[in-house]
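A.B. asks:
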Amino acid sequence: MTDVAKKRPEFRNINIFSDVRTYRLPLAGVVSILHRVSGMLLFLLLPFIIWLFDKSVSSEISFGKFSAAFAAGLWIFPAWFVKLVVLALIWAYLHHLFAGARHLWLDVDHHAITKENGRRSAVVVLVASIGLTLVLGAKLFGLY
Amino acid sequence: MADTYGYKRTVVGAHYGWRDFLVQRITALLMAVFTLLVLVQLLLVKGPIGYDAWAGIFAPQWMKALSFSVIVALAWHAWIGICSIWYDYAKPAGLRLVLQALAAVWLVSCGGWAVQVLWRL
Chain G
-7 MTDVAKKRPE FRNINIFSDV RTYRLPLAGV VSILHRVSGM LLFLLLPFII WLFDKSVSSE
53 ISFGKFSAAF AAGLWIFPAW FVKLVVLALI WAYLHHLFAG ARHLWLDVDH HAITKENGRR
113 SAVVVLVASI GLTLVLGAKL FGLY
Chain P
-17 MADTYGYKRT VVGAHYGWRD FLVQRITALL MAVFTLLVLV QLLLVKGPIG YDAWAGIFAP
43 QWMKALSFSV IVALAWHAWI GICSIWYDYA KPAGLRLVLQ ALAAVWLVSC GGWAVQVLWR
103 L
């Protein structure tokens, strides 16, 4: 007698629009797509990053303008919004850096490429990047 | 004898990917080391970090030279990453060409600005 056991859903040719809500992405997959997202975010906000560098390093007066952006706001944006954007950049850089380091590790240590290691290292990347983001964010928003 | 040498060589893909693969990793390493360098210098500052301490980090000539190579490294690293994204999501070749051109202008402009800031010090 054939007992039809419930078949695990198989996904072929994942389509982002139809499967994104039903496909359970493994943690390594989450780290990977966030690596791409964080890279794109840094790319798009690059002029702002260079502006921050420019004002902070050019002169005492421009340094004052740099600091003022975090206290009194910038152009049409209030100070809390500027801080929020900088926090997003901090997260983006930290995630991109740690996920990138994970990439480099897996590039050189081929024996480390196992399913369990992939999951464990993905957890480390997420914990380290989000953790440090919270710590630096608390400092940025004046919590300590 | 095989007829795939010289002008009959089969060349497919974008430079076989080797150069971009290596450049991405090497520029990443350089930028990571640079990050560490700046971080260490910041942590060695006593008290709150004011303008003098911060700008002082980028003032020495060796630091300017290193920062310059990091700016170039960042531009190239970002270029490879962004091209990968365009390649994955922008299927029509014409659209991809426009996006790549825009990305190139974006990165070159940003790079130029950053170098300008560095040499104002």
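Chains as they are written, first to last, in my numbering: chain G, -7 to 136; chain P, -17 to 103.
Every residue gets a Cβ at the ideal spot worked out from N, C-alpha and C, and that includes glycine.
Could you check whether the Cβ of D101(G) sits closer than 8 Å to any Cβ belonging to chain P?
C.D. replies: Translated into the one-based positions of the first sequence, residue 101(G) becomes position 109. By this cut-off, D101(G) is not an interface position.
A.B. asks: In terms of residues, what are the limits of the alpha helix (DSSP H) holding Y27(P)?
C.D. replies: Taking the second sequence and counting its residues from 1, one reaches residue 27(P) at position 45. Note that residue 27(P) is Val in the sequence shown here, rather than Tyr. No alpha helix (DSSP H) holds V27(P); DSSP gives it neither H nor E.
A.B. asks: Who are the near neighbours of F16(P) in its chain, counting only those whose CB is closer than 7 Å to its CB and skipping five residues on each side?
C.D. replies: Taking the second sequence and counting its residues from 1, the one referred to as residue 16(P) is at position 34. Once the five neighbours on either side are set aside, the close Cβ partners of F16(P) are L48, V52.
A.B. asks: How about L37(G) and L81(G): do their beta carbons lie closer than 8 Å?
C.D. replies: In the first sequence, residue 37(G) corresponds to position 45, counting from 1. In the first sequence, residue 81(G) corresponds to position 89, counting from 1. Yes.
A.B. asks: Can you name the residues that DSSP bridges to F58(G)?
C.D. replies: Your numbering for residue 58(G) matches position 66 in the first sequence. F58(G) is not bridged to any residue.
A.B. asks: Identify the continuous alpha helix (DSSP H) that holds K131(G) and give its terminal residues.
C.D. replies: Sequence index remark: in the first sequence, residue 131(G) carries index 139 (1-based). That run of the alpha helix (DSSP H) goes 107 to 132.
A.B. asks: Kindly identify the DSSP beta-bridge partner or partners of L66(G).
C.D. replies: As a first step, residue 66(G) is located in the first sequence; it is residue number 74 there, counting from the start. Bridge partners of L66(G): F69(G).
A.B. asks: Report yes if the C-beta distance between W95(P) and I42(G) is below 8 Å; otherwise report no.
C.D. replies: Position 113 of the second sequence, counted from the first residue, corresponds to residue 95(P). Position 50 of the first sequence, counted from the first residue, corresponds to residue 42(G). Contact: yes.
A.B. asks: Within a Cβ cutoff of 6 Å, which residues of the same chain sit near S121(G), ignoring the five residues on either side of it in sequence?
C.D. replies: As a working note, residue 121(G) is residue 129 in the first sequence. The answer, listed in chain order, is L86, H87, F90.
A.B. asks: Using alpha carbons as the reference points, say which of A60(G), G21(G), I68(G) lies closest to H95(G).
C.D. replies: As a position in the first sequence, residue 95(G) is number 103, starting the count at 1. Considering only alpha carbons, the answer is G21(G).
A.B. asks: Nearer than 7 Å: is that true of the beta carbon of V78(G) relative to any heavy atom of the ligand NAD?
C.D. replies: The model depicted lacks the ligand NAD and carries no ligand whatsoever.
A.B. asks: Listing by chain order, which chain G residues have their CB less than 9 Å from the CB of C65(P)?
C.D. replies: Along the second sequence, one-based indexing puts residue 65(P) at 83. Residues of chain G passing the Cβ test: none, with the nearest at roughly 11 Å.
A.B. asks: Under 8 Å between C-beta atoms, does T96(G) make it to chain P?
C.D. replies: Working through the first sequence from its first residue, we reach residue 96(G) at position 104. Inspection of the sequence shows that residue 96(G) is occupied by Leu rather than by Thr. Taking Cβ atoms only, chain P reaches closer than 8 Å to L96(G), which makes this a yes.
A.B. asks: Taking only three categories from DSSP, how would you classify S51(G)?
C.D. replies: Sequence index remark: in the first sequence, residue 51(G) carries index 59 (1-based). Note: S51(G) maps to coil in three-state DSSP.
A.B. asks: My parser needs the alpha helix (DSSP H) runs of 4 or more residues fully inside the segment -2 to 80 of chain P; what are they?
C.D. replies: As far as the segment -2 to 80 of chain P is concerned, its whole alpha helix (DSSP H) runs of at least 4 residues are 0 to 25, 33 to 40, 43 to 71.
A.B. asks: Looking at the C-beta of F40(P), does it have a partner C-beta in chain G at a distance below 8 Å?
C.D. replies: For this step, residue 40(P) is matched to residue 58 along the second sequence. It does: the Cβ of F40(P) has a partner Cβ on chain G nearer than 8 Å.
A.B. asks: What number of angstroms, rounded off, separates the C-alpha of E52(G) from the C-alpha of D46(G)?
C.D. replies: Taking the first residue of the first sequence as position 1, residue 52(G) is located at position 60. Taking the first residue of the first sequence as position 1, residue 46(G) is located at position 54. When rounded, the distance between both Cα atoms is 12 Å.
A.B. asks: State yes or no: is the beta carbon of A37(P) nearer than 8 Å to at least one beta carbon in chain G?
C.D. replies: Along the second sequence, one-based indexing puts residue 37(P) at 55. Answer yes: the Cβ-Cβ gap between A37(P) and chain G drops below 8 Å somewhere.
A.B. asks: Check whether chain G comes within 8 Å of R7(P), counting only Cβ atoms and requiring the distance to be less than that.
C.D. replies: Taking the second sequence and counting its residues from 1, the one referred to as residue 7(P) is at position 25. Yes, R7(P) lies at the interface with chain G (some Cβ there is under 8 Å from its Cβ).
A.B. asks: Would you call the CB atoms of L84(P) and W61(P) closer than 8 Å?
C.D. replies: The count along the second sequence starts at 1 and reaches residue 84(P) at position 102. The count along the second sequence starts at 1 and reaches residue 61(P) at position 79. No, they are not a contact pair.
A.B. asks: Within the 8 Å Cβ cut-off, does E2(G) reach chain P?
C.D. replies: Here residue 2(G) refers to the residue found at position 10 of the first sequence. Taking Cβ atoms only, chain P never reaches closer than 8 Å to E2(G), which makes this a no.
A.B. asks: Can you tell me the Cα-Cα spacing of M(-7)(G) and R112(G), whole angstroms?
C.D. replies: The residue you call residue -7(G) lines up with position 1 of the first sequence. The residue you call residue 112(G) lines up with position 120 of the first sequence. Residue placement at M(-7)(G) cannot be trusted, given a pLDDT of 48 that sits under 50; what the coordinates show is reported in the next sentence. Spanning the two alpha carbons is a distance of roughly 42 Å.
A.B. asks: Are the C-beta of A60(P) and some C-beta of chain G separated by less than 8 Å?
C.D. replies: In the second sequence, counting from the first residue as 1, residue 60(P) sits at position 78. Chain G, which has a Cβ nearer than 8 Å to the Cβ of A60(P), makes this yes.
A.B. asks: If you count every other CB in all the chains shown that lies within 10 Å of the CB of W111(P), and 16 or more means buried, which is it?
C.D. replies: Lying outside -17 to 103, the shown extent of chain P, residue 111(P) is not represented and no answer is given.
A.B. asks: Against V99(P), what residues of chain G qualify as contacts under a CB-to-CB distance less than 8 Å, listed in chain order?
C.D. replies: Against the second sequence, residue 99(P) aligns to sequence position 117. Simply I42, F45, D46, V49, S50.
A.B. asks: Which class does P1(G) belong to by DSSP, given the choice of helix, strand or coil?
C.D. replies: Here residue 1(G) corresponds to residue number 9 of the first sequence, with the count starting at 1. Of the three classes helix, strand and coil, the one that applies to P1(G) here is coil, per DSSP.
A.B. asks: For a quick check, are the C-beta atoms of A84(G) and L128(G) less than 8 Å apart?
C.D. replies: What you label residue 84(G) is simply residue 92 of the first sequence in a count that begins at 1. What you label residue 128(G) is simply residue 136 of the first sequence in a count that begins at 1. Not closer than 8 Å, so no.
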